[in-house]
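Peer 1: Protein sequences appear in the order of chains L and B.
Residue numbers for the first sequence follow the working numbering, beginning at 72 and rising by one.
Residue numbers for the second sequence follow the working numbering, beginning at 1035 and rising by one.
This structure is in structure tokens; I'll ask about it shortly.
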Amino acid sequence: MHEQPPPREAAEALAEIRQRQEQVIERALTPTWFWWAIGLLVVGFSTAADSGNALVLGIGTVVFVLGLCAAVGAVVVRSLRYAQARTSLIGNAGALAIAVFVLGVLAVTLPASLAFHALDLPYAGTWGSLVCAVLLGVGGPVLMRRLRATMLDRAAAGSR
Amino acid sequence: MIEPKFDDLVHAPTRLSIVSLLAAAEWADFKFLRDTVGMSDSALSKQLTTLEEAGYVEIRKHFVGKRPRTSARLTDAGQTAFDGHVAALQEIVARAGATVLPG
């Protein structure tokens, strides 16, 4: 029969466990720069599309695709180099938060873009994409904080 | 429902840190574990081997490009032992009340 630790040691062990799990989850979250980078790429592409110049649009498309691949690739490589958090830690609450974020961005960006077009605003698409970029840049980190809390709670609860 | 079960193998300080990291990860890179826990390569290898022999950890060696990489993950048995250990710790703390929580 093994001897169980005193309560203080058990509490310290639980704190250690939480701190270690937090380190994995922290690494797994999408960094803030990613959201602004995606926003910037969307704005750049929209501006190229609004220019009406085929060459500018071609260059804009290439920059957008390469930039997107580089940003996503950097995040994936970062995750592979360290540790991949268990996907099960996201759970239904995390999935719901992601869905709400995506739908929220669309729900604001699409009507805003349509309104800009209806008002005959020059570079209406670019203004719409600016709204999208700000939502991504501000909302992305908020979503990450929400996911972090959800994942930590589920890790503490011993989810698989 | 997780059955509380204190596990001496998991509770050893460095192994508790390693298993806690692995419990939150699908796979964790050897270097990440080493740097995060602050151990030497040989010390970490020794602890991972102990955990592997107990059936708690699976170690995978592979190549990324030309570079050899070692990763580790918690097995189902390891996850069960960890969950039971955490439940046992929580039980000990709960019995003593909130006054023992570290600041």
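Built from N, CA and C at the ideal position, the CB exists for glycine as well.
Taking L:W107 as the reference, which of L:A120, L:G211, L:A226 and L:V176 has the closest Cα?
Peer 2: Taking the first sequence and counting its residues from 1, the one referred to as residue 107 of chain L is at position 36. Ranking L:A120, L:G211, L:A226 and L:V176 by Cα distance to L:W107 puts L:G211 first.
Peer 1: Here's the rule I'm using: 16 or more other beta-carbon atoms within 10 Å means buried, otherwise exposed. How should L:H188 be labelled?
Peer 2: Taking the first sequence and counting its residues from 1, the one referred to as residue 188 of chain L is at position 117. That one is exposed.
Peer 1: Within this structure, are the beta carbons of L:R225 and L:L167 separated by less than 8 Å?
Peer 2: In the first sequence, residue 225 of chain L corresponds to position 154, counting from 1. In the first sequence, residue 167 of chain L corresponds to position 96, counting from 1. Going by C-beta atoms, L:R225 is not nearer than 8 Å to L:L167.
Peer 1: Tell me, which residues are paired with L:W198 by DSSP?
Peer 2: Residue 198 of chain L sits at position 127 when you count from the first residue of the first sequence. Bridge partners of L:W198: none, in fact.
Peer 1: Would you list, in chain order, the members of the region 1057-1076 of chain B that have their beta-carbon closer than 7 Å to a beta-carbon of chain L?
Peer 2: Within the region 1057-1076 of chain B, the qualifying residues are A1057, A1058, A1059, E1060, W1061, A1062, D1063, F1066 and T1070.
Peer 1: Quick check: the Cα distance between B:M1073 and L:C203, rounded to an integer number of angstroms?
Peer 2: Residue mapping note: residue 1073 of chain B aligns to position 39 of the second sequence, counting from 1. Residue mapping note: residue 203 of chain L aligns to position 132 of the first sequence, counting from 1. Whole-angstrom Cα-Cα distance: 45 Å.
Peer 1: Assuming L:L207 and L:G110 are in contact, meaning their beta carbons sit under 8 Å apart, how far apart are those beta carbons, in whole angstroms?
Peer 2: Residue mapping note: residue 207 of chain L aligns to position 136 of the first sequence, counting from 1. Residue mapping note: residue 110 of chain L aligns to position 39 of the first sequence, counting from 1. About 4 Å; that satisfies the 8 Å criterion.
Peer 1: Would you say L:A119 and L:L112 are within 8 Å of each other, going by their C-beta atoms?
Peer 2: For the purposes of this step, residue 119 of chain L is identified with residue 48 of the first sequence, where counting begins at 1. For the purposes of this step, residue 112 of chain L is identified with residue 41 of the first sequence, where counting begins at 1. No, the Cβ-Cβ distance between L:A119 and L:L112 is not below 8 Å.
Peer 1: Counting only C-beta atoms, is L:R231 closer than 8 Å to chain B at any point?
Peer 2: Walking along the first sequence from the start, residue 231 of chain L turns up at place 160. Note that L:R231 has pLDDT 49, beneath the 50 cutoff, so the model's placement of it is unreliable and the number below is only indicative. Judged by the 8 Å Cβ criterion, L:R231 is in contact with chain B.
Peer 1: For L:R152, report the span of its alpha helix (DSSP H) as first-last.
Peer 2: Numbered from its first residue, the first sequence carries residue 152 of chain L at position 81. Run containing L:R152: A125 to R152, per the alpha helix (DSSP H) assignment.
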